[in-house]
């Protein structure tokens, strides 16, 4: 008859089973800890992505608003510059027309003077505009016939003034100022558009990071997005605030 197990063999078998059960229990606990750590890391990555998306959404909305405001301001300034330039050209044309008229009347007077036509001189002088007449009398007072240092004509006298010419110069300066404002506003709008593009890049990186199962890849994409986000925030802080 076969012999049964001895007490020592039974004890040894029980000890082996107990050791194996303890190893399985320890391995199970380690697996649960690893799963818990992975789950916790996954949760923090998700929270970080959600925070980044929320911040970027707010900043992108502000950047787009500022860009639109600066763009509108630029368009208005350039329109004002164009209007002022048109008015300046109109005033300059009017001044040129008046100057041509005064010169024509003086030529008629001078022709009559050279021809000793006193009637023609009186007719031409009667057609002088008040401003030109004052300059004409001041010019005659310099004795231009005998004084070689006298001005060449009434239009060279300080009494001869064309308000339209001064107005044209003023409007030209105004147009230049408006154009400079429009150009600066357009540049500010472009800068805000560029910042909006940076923020869109952050949205893209954070959006695709959730599709990666490898935590290292997700952390890498989030880190790059964070750097771009910091740069965008600095750009928004230092950029000129949009006009009211």
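In this note's numbering, the protein residues as written are 1131 to 1374.
We put the beta carbon where it would ideally sit given N, CA and C, even for glycine.
How many Å lie between residue i and residue j at the Cα?
i, j, result
"residue 1217", "residue 1313", "20 Å"
"residue 1191", "residue 1221", "45 Å"
"residue 1229", "residue 1197", "47 Å"
"residue 1347", "residue 1372", "38 Å"
"residue 1282", "residue 1214", "34 Å"
"residue 1136", "residue 1342", "A caution first: residue 1136 carries a pLDDT of 42, below 50, which makes its placement in the model unreliable, though a value can still be read off. Distance between the alpha carbons of residue 1136 and residue 1342 is about 59 Å."
"residue 1187", "residue 1294", "54 Å"
"residue 1357", "residue 1332", "9 Å"
"residue 1173", "residue 1352", "14 Å"
"residue 1288", "residue 1277", "18 Å"
"residue 1227", "residue 1273", "28 Å"
"residue 1237", "residue 1271", "19 Å"
"residue 1345", "residue 1176", "11 Å"
Is it true that the CB of residue j sits closer than 8 Å to the CB of residue i?
i, j, result
"residue 1264", "residue 1251", "no"
"residue 1286", "residue 1262", "no"
"residue 1182", "residue 1359", "yes"
"residue 1315", "residue 1193", "no"
"residue 1364", "residue 1335", "no"
"residue 1311", "residue 1212", "no"
For the alpha helix (DSSP H) containing residue i, list its first residue and its last residue.
i, result
"residue 1290", "Here residue 1290 belongs to no alpha helix (DSSP H), and DSSP marks it neither H nor E."
"residue 1275", "No alpha helix (DSSP H) contains residue 1275, which DSSP labels as neither H nor E."
"residue 1249", "1248–1256"
"residue 1363", "1345–1368"
If residue i sits next to residue j, beta carbons under 8 Å apart, how far is it from one beta carbon to the other, in whole angstroms?
i, j, result
"residue 1225", "residue 1292", "5 Å"
Exercise. Say whether the region 1298–1308 touches the region 1232–1249, bearing in mind that this needs 3 or more beta-carbon pairs closer than 8 Å, one atom from each stretch.
Key: no
Practice problem: Kindly confirm or deny that the region 1196–1210 and the region 1318–1326 touch, where touching means at least three C-beta pairs closer than 8 Å. | Solution: yes
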